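Keeping their order, the protein sequence lines are chains A and B. Here the first sequence is numbered in this note's numbering, starting from 63 and rising by one per residue. Here the second sequence is numbered in this note's numbering, starting from 63 and rising by one per residue. Below: the structure, in C-alpha cells.
2 protein chains.
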Amino acid sequence: MELQQNIKVAVDAIVFGYANNDLNVLLIKQKYGVLKNRWALVGGFVKDNETLISAVNRELQEETGIKVNYLEQLYTFGDDLDRDPRFRVISISYFALVNSTKFLIKADTDAEEAKWFNVNELPDLAFDHLLILKTAKERLQNKLTYQPIGFDLLPKEFLFSDLENLYCSILEKEIDRRNFRKKILSFGIVEETSKFGNKKNGRPAKLFKFNKLKYNKLHKEGFIFEINFA
Amino acid sequence: MELQQNIKVAVDAIVFGYANNDLNVLLIKQKYGVLKNRWALVGGFVKDNETLISAVNRELQEETGIKVNYLEQLYTFGDDLDRDPRFRVISISYFALVNSTKFLIKADTDAEEAKWFNVNELPDLAFDHLLILKTAKERLQNKLTYQPIGFDLLPKEFLFSDLENLYCSILEKEIDRRNFRKKILSFGIVEETSKFGNKKNGRPAKLFKFNKLKYNKLHKEGFIFEINFA
DNA sequence: ACAAAAGTGTTAATCTTACACCCATGT
DNA sequence: ACATGGGTGTAAGATTAACACTTTTGT
C-alpha cells in the first residue's frame with residue numbers, strides 16, 4: 063500500500079461581489095512569506111482534523127472576516143505539479159458570493175491586506191490563481207442562467223435595474239429591459255416591496271426582493287429557473 | 063506555515079457503460095487488504111510526481127485495462143473525516159463514459175476482479191462510494207441534457223432507437239419518439255449511414271453516427287445542444 | 001397473416017423576440 | 001422645461017407538445 067505521500071492539501075476561495083455595476087473579486091496580500099507582495103485568493107492548508115468546507119470557512123473568517131451568501135465547491139487543481147514552487151500542493155477551490163452591502167472587510171492585520179478588485183482590472187496573481195479565477199468566472203456565468211444565484215450578489219432589497227445590470231455585466235451581453243423584467247416576474251419568485259430606492263436621478267424605482275422560500279418550494283416541484291437571451 | 067499534514071490524496075473513477083437498455087457502472091473487488099470482498103470504485107492513491115488526471119488514467123489501466131471515451135473531474139470528497147477508516151483520505155472523483163462495445167474487461171488478476179453492475183442493482187459499496195456514485199449519476203443526467211455525451215456511451219454506429227432508449231432510461235422519463243428524432247436530426251450533428259442494424263424483430267433500422275467534428279465546429283459558433291422534454 | 005419495431009407530418013399552444021412611448025422625479 | 005432613469009404592451013415568428021397510422025421485415 064502506498065502509505066508515503068508528500069502532497070499538501072489546500073483550499074482556495076474565489077469570493078465574488080458586485081458593486082458599481084461591476085463584478086469584483088476579493089484578494090489578499092500577505093506581508094511575509096512566499097506570497098509577500100503578490101495578490102492571491104483567500105486560502106490555505108487544510109488541517110488534519112478539519113473538513114474541506116470548514117477549512118474554507120476558517121480561512122474566510124481569518125483572512126477577511128467576511129460572511130458569504132453562497133458557497134460551493136468549484137474544482138480541484140492538481141494537474142500542474144509545480145503550481146506551488148515550494149512543494150506539491152493540490153488546491154480544492156470554492157466559489158463564493160457575497161452581498162455587496164456586506165462589503166466591509168476586516169481591517170488589515172499585521173500580516174495581511176484584503177482588497178476588492180474589479181475582475182477586469184486584476185493585478186498579477188500568485189501561483190495558478192488566474193486560472194482558478196477564470197474557471198470561477200465561467201461557473202458564475204453559467205450558473206447565473208440556470209440558478210437564481212444573482213440575488214446572492216445583491217442586497218436583500220434591490221432595484222430591478224440593478225438585477226438587470228448585474229446580468230448584463232456578468233454575462234457580457236445586452237438584455238432587453240422589458241423582456242427581462244417580464245421573464246423574471248413571471249417566475250413569481252421576485253416580489254415588489256412598498257419601498258423605493260434612492261437613486262439621484264430620474265423617476266424613483268421600487269425595491270424588489272427575492273423570495274427564496276418560494277423558489278425552494280417551486281424548485282422541489284420541478285420548476286427550473288432559466289434566463290437565456292440572444 | 064503548516065508544513066505537517068497527514069492527509070492522503072486519492073482518485074476514484076465512476077465508469078459508466080450502457081448495455082441492454084440499462085446504465086451500468088464498473089466496480090472492482092480486491093482479494094486482499096481492507097477492501098477484501100467489498101465492491102468499490104476504480105481508484106487509488108496519487109503518486110507524488112503524478113498529476114491527478116494521470117493517476118486516474120493509471121488506475122483505470124491497471125485495474126481494468128479499459129479505454130474510456132469521456133473523462134472529467136466530478137467532485138472532491140473530503141468532508142467526512144472518517145470516510146476511510148484507516149486514515150484521513152480525500153478523494154478527487156472522476157466521471158467516465160465508455161462505449162458499450164468496448165465492454166471487455168481485463169481478465170481477473172490474482173489481486174482483483176472487475177465487473178459491470180446495473181446502477182439499479184448495486185452491491186454494498188466500500189467507503190462513501192455509494193454517495194460518489196449518486197453524485198455521478200446526477201451529473202450524467204444533467205449533462206445528458208446539455209452536452210452530446212450520450213454518444214460516448216454508444217458504439218460509433220448506433221440505432222436511433224438505442225439513442226432514444228438511452229435517454230429514456232438514464233433520465234427515467236418517457237420521450238416522444240417522433241419529437242425526439244426530429245429534435246436530434248434538426249441539430250445536424252447525427253448522420254445516417256447506409257448500413258442497417260441487426261435486430262431480430264421488426265423492420266430493419268438504419269445505423270446513425272455522431273459527427274463530433276461538426277458538433278465542435280457548431281459549438282464554437284455558439285450552438286448549444288439541448289434536449290429537454292416534459 | 002401476424003407480430004414487432006421503424007419511420008413519418010400536422011396542428012394548436014406556448015414561448016421568444018423585437019420594438020417605442022409615456023411617467024415621475026430633481027434641477 | 002428638460003434631463004434622467006422607471007415603467008409598460010403588442011404582434012410576428014419560432015419552438016414545443018400532443019398525437020396515430022403506414023412500412024418493412026421475420027416467422
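Each residue gets a CB set at the ideal place from its N, CA and C atoms; glycine is no exception. Keep in mind it's a predicted model, so treat the numbers as computed, not measured.
* Asked: What's the C-alpha gap between Tyr94 of chain B and Leu192 of chain B?
  -> CA-to-CA, the gap between Tyr94 of chain B and Leu192 of chain B works out to about 21 Å.
* Asked: Roughly how many whole angstroms lie between the Cα atoms of Arg120 of chain B and Lys276 of chain B?
  -> Using only the alpha carbons, I get a separation of about 31 Å.
* Would Ile237 of chain A pass as a contact of Phe285 of chain A if the rule is Cβ separation under 7 Å? -> No.
* May I ask you to report which of helix, strand or coil DSSP gives Glu64 of chain A? => Confidence at Glu64 of chain A is low in this model, with a pLDDT of 48, below 50, so the placement of that residue should be treated as unreliable; the coordinate-derived value is given next. The answer is coil: DSSP assigns Glu64 of chain A none of H, G, I, E or B.
* Could you tell me whether the Cβ atoms of Arg100 of chain A and Ala188 of chain A are closer together than 7 Å? => At the C-beta level, Arg100 of chain A and Ala188 of chain A come within 7 Å of one another.
* Please report how far the alpha carbon of Pro210 of chain B lies from the alpha carbon of Phe220 of chain B, in whole angstroms. => The straight-line gap from Cα to Cα measures roughly 14 Å.
* Output, in chain order, the set of chain A residues within a Cβ distance shorter than 9 Å of Leu97 of chain B. => Against chain A, a Cβ distance below 9 Å from Leu97 of chain B picks out nothing, because the smallest value is about 11 Å.
* Please go through the same chain and pick out, in chain order, the residues whose beta-carbon is closer than 6 Å to the beta-carbon of Asn273 of chain B, but skip the five residues on each side of it. => Cβ contact annotation for Asn273 of chain B (same chain, cutoff 6 Å, sequence separation greater than five): Ile251 and Glu253, in chain order.
* Asked: Do you know whose CA, among B:Gly140, B:Glu234 and B:Thr171, lies nearest Leu333 of chain B's CA?
  -> Any property of residue 333 of chain B remains undetermined from this structure, which presents chain B solely from 63 to 292.
* Asked: Taking the DSSP output, what are the residues bridged to Asn83 of chain A?
  -> Asn83 of chain A is not bridged to any residue.
* Asked: Roughly how many angstroms separate the alpha carbons of Ser256 of chain A and Leu216 of chain A, rounded to a whole number?
  -> Distance between the alpha carbons of Ser256 of chain A and Leu216 of chain A is about 18 Å.
* Supposed contact pair Ala102 of chain A and Ile90 of chain A - C-beta distance, whole angstroms, cut 8 Å -> Between the beta-carbon of Ile90 of chain A and that of Ala102 of chain A there is about 6 Å, and that keeps the pair under the 8 Å contact cut.
* **Same chain, Cβ closer than 8 Å to Asn86 of chain B, neighbours up to 5 away in sequence not counted** => These residues qualify, in order along the chain: Phe78, Gly79, Tyr80, Trp178, Phe179, Asn180 and Val181.
* Which stretch, first to last residue, makes up the alpha helix (DSSP H) that contains Val151 of chain A? -> For Val151 of chain A, there is no enclosing alpha helix (DSSP H); the enclosing beta strand (DSSP E) covers residues Val151 to Leu159.
* Asked: If you run the structure through DSSP and keep just helix, strand and coil, what is Phe242 of chain B?
  -> Phe242 of chain B: helix per DSSP, three-state reduction.
* Exposure of Ala117 of chain A, with buried meaning 16 or more beta-carbon neighbours within 10 Å -> By the beta-carbon neighbour count (other beta carbons within 10 angstroms, threshold 16), Ala117 of chain A is buried.
* **Ala117 of chain A - containing alpha helix (DSSP H), residue span** => Unbroken alpha helix (DSSP H) run through Ala117 of chain A: Leu114 to Glu125.
* Gly140 of chain B versus B:Lys279, B:Ala72 and B:Glu200, residue with shortest Cα-Cα distance -> Here the closest residue by C-alpha is B:Ala72.
* Note the first and the last residue of the continuous alpha helix (DSSP H) segment covering Lys268 of chain B. => Lys268 of chain B: not part of any alpha helix (DSSP H); member of the beta strand (DSSP E) spanning Lys268 to Phe272, first to last residue.
* Asp141 of chain B: contacting residues in chain A (beta-carbon distance under 7 Å) -> Chain order gives the chain A residues near Asp141 of chain B as Thr113, Leu114 and Ile115, where near means a beta carbon separation below 7 Å.
* To do: Under the assumption that Ala267 of chain B contacts Phe222 of chain B (Cβ atoms under 8 Å), give the Cβ distance between them as a whole number of angstroms.
  => Between Phe222 of chain B and Ala267 of chain B the Cβ distance is about 7 Å, and since that is below 8 Å, they are a contact.
* Of all the CB atoms in chain B, is at least one closer than 7 Å to the CB of Ile69 of chain A? -> Judged by the 7 Å Cβ criterion, Ile69 of chain A is in contact with chain B.
* To do: Return helix, strand or coil for Asn180 of chain B, following the three-state DSSP convention.
  => When secondary structure is reduced to three states using DSSP, Asn180 of chain B falls in the strand class.
* In this structure, what does DSSP give as the bridge partners for Asp214 of chain A? -> The beta-bridge partner set that DSSP reports for Asp214 of chain A is empty.
* If I'm right that Phe249 of chain A touches Phe287 of chain A with Cβ under 8 Å, what's the distance once you round it to whole angstroms? => Their Cβ separation, rounded to whole angstroms, is 7 Å, which keeps Phe249 of chain A and Phe287 of chain A in contact under 8 Å.
* In or out: Lys70 of chain A buried (at least 16 other Cβ within 10 Å) or exposed? -> Taking all protein chains in view, the Cβ of Lys70 of chain A is crowded by 16 or more other Cβ atoms within 10 Å, so the residue is classified as buried.
* **Cβ neighbour criterion (16 or more within 10 Å) applied to Glu64 of chain B** => Because Glu64 of chain B sits at a pLDDT of 48, beneath the cut-off of 50, its placement in the model cannot be relied upon, and the following sentence gives the value as read from the coordinates. Taking all protein chains in view, the Cβ of Glu64 of chain B is surrounded by fewer than 16 other Cβ atoms within 10 Å, so the residue is classified as exposed.
* To do: Please say whether Ala198 of chain A and Leu133 of chain A have beta carbons closer to each other than 7 Å?
  => Judged by beta-carbon spacing, Ala198 of chain A lies beyond the 7 Å limit of Leu133 of chain A, meaning their Cβ atoms are not closer than that value.
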